[in-house]
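Okay, so here's the structure we're looking at.
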Amino acid sequence: MNDYLRKIGVLELNPELTHLQVPASDRCWWCGDIATTEEHRIKASTLRRVARLEDGTATPGNVYKSSSDYQATLHSLKKGPQVRWRKNLCGDCNNSKSQPFDRAYDSFEAFLVEHFDQISTWERLDWSAVFGAGWQEQARHFARYFGKQLGCMLATHQLPVPNELIDFLNGADRFPSTWFSLFINPRGVDAHAKMQGDGFEYGLSGFVGLLDANAYQTDGAFSGIDYGYHIGYLWFLVQWRDGVDVESWFEHQVIDLPRLTE
Ligand SMILES: [Zn+2]
5 MNDYLRKIGV LELNPELTHL QVPASDRCWW CGDIATTEEH RIKASTLRRV
55 ARLEDGTATP GNVYKSSSDY QATLHSLKKG PQVRWRKNLC GDCNNSKSQP
105 FDRAYDSFEA FLVEHFDQIS TWERLDWSAV FGAGWQEQAR HFARYFGKQL
155 GCMLATHQLP VPNELIDFLN GADRFPSTWF SLFINPRGVD AHAKMQGDGF
205 EYGLSGFVGL LDANAYQTDG AFSGIDYGYH IGYLWFLVQW RDGVDVESWF
255 EHQVIDLPRL TE
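Position one of the sequence shown corresponds to residue 5 (the working numbering), numbered consecutively onward.
This is how it looks when you write it as structure tokens:
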């Protein structure tokens, strides 16, 4: 299996932007209570799924991580800075308050894995095929899952969390300054086909990871951040730009699945 190790995690922040950072905090970035928990960078159930593809057992040694500070198989799927953000959420925010977001992510991931060979050919995605009649709130919760990841990433890097993000997680219908979008990476589609041709049944569905994070400034003030994640060839992009008003994936029942161009 050495040709196809499953990789997770690539995350960098431009060191030239350190002047945008805020002082270290022991508080939950969402509600302000004392922070007691660390959110997973990649959902624990996803890591277990990825680990299990290798030989049926969900052991950390089945997952290879490649990032700026780590290139090896994991020692743990549950603990440690390689799989978690810093301690920056309280228990209530990290568990009960965000449970609907986790469930929406789980539903989407199950749908994606089940239809992995087909979705790469689709031009559009109908949310009701994924989430049923309650698609709009579920697609929002799915976005909130990534919104929470974005907040944890910002807090881990001591960058300020936009108030609009907090409002969105607290139930606001829109998060206008952030664009939540899906893309299909054609190179990933090719790699998936090649792996299956080489006898790897699950192909690229076991490759998950974070994309490089870019931060932006305008006149010396923090004005934008990109968060990206992928499951196989499907990319999830979350782009915050201070002051803009854009539509996101949960605002239409049927959305385009554009191809990534590099
Ligand atoms: Zn909290």
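Backbone N, C-alpha and C fix where the C-beta goes; we use that ideal spot for every residue, glycine too.
Owing to the predicted nature of the structure, the values given are computational and were not obtained by experimental measurement.
For ligand 1, is there any heavy atom lying closer than 7 Å to the beta carbon of Leu21?
no
Is any heavy atom in ligand 1 found nearer than 7 Å to the beta carbon of Trp89?
no
Output the distance between the C-alpha atoms of Val258 and Tyr231, rounded to the nearest integer angstrom.
23 Å
Just to check, is the beta-carbon of Cys35 closer than 7 Å to a non-hydrogen atom of ligand 1?
yes
Determine the DSSP secondary structure at Glu251, reduced to helix, strand or coil.
coil
Answer with buried or exposed for His23, where buried requires no fewer than 16 other C-beta atoms within 10 angstroms of its C-beta.
exposed
Got a sec: does ligand 1 put a non-hydrogen atom nearer than 7 Å to the Cβ of Asp96?
yes
Should Cys32 be counted as a contact of ligand 1 given a C-beta to heavy atom distance under 7 Å?
yes
Measuring only from the beta carbon, is Leu93 closer than 7 Å to any heavy atom that is part of ligand 1?
yes
Which same chain residues, not among the five before or five after Tyr8, have their C-beta less than 7 Å away from its C-beta?
Residue confidence is low: Tyr8 scores 45 on pLDDT, short of 50, so the model does not pin down where it sits. Its coordinate-derived value is still stated next. The answer, listed in chain order, is Met199, Phe204.
Report all residues from its chain with a CB closer than 6 Å to the CB of Leu129; omit the five preceding and five following residues, and keep chain order.
Ile259, Leu261
Reference Trp126; option with closest CA among Ile188, Val248, Gln75:
Ile188
contact_flag[the stretch 219-233, the stretch 113-124] where n(CB pairs < 8 Å) is 3 or more:
no
Assign Gly210 to buried or exposed, taking buried as 16 or more other Cβ atoms, counted over all protein chains shown, within 10 Å of its Cβ.
buried
In the DSSP assignment, what are the bridge partners of Thr77?
Tyr68
Under the three-state DSSP convention, the category Arg107 falls into
helix
Under DSSP, the alpha helix (DSSP H) around Ala195 begins and ends at which residues?
190-201
Helix or strand or just coil, what does DSSP make of Ile1?
With the chain represented from 5 up to 266, any question about residue 1 goes unanswered, as that position is not in the structure.
So Ala336 and Lys69 are supposed to be a Cβ contact under 8 Å. How far apart are they, rounded?
Any question about residue 336 goes unanswered here, given that the chain covers just 5 to 266.
Using beta-carbon positions only, say whether Cys94 and Asp177 come within less than 8 Å of one another.
no
For Ala225, which residues does DSSP report across the bridge?
Thr222
Are the CB atoms of Leu163 and Ala225 nearer to each other than 8 Å?
no
Which complete beta strand (DSSP E) runs does the stretch 28-68 hold, if anything under 3 residues is left out?
41-44
Specify the secondary structure class of Phe179 as computed by DSSP and reduced to three states.
coil
Return the chain-ordered list of same chain residues with a C-beta closer than 8 Å to the C-beta of Ser132, the five sequence neighbours on each side being excluded.
Trp139, Gln257
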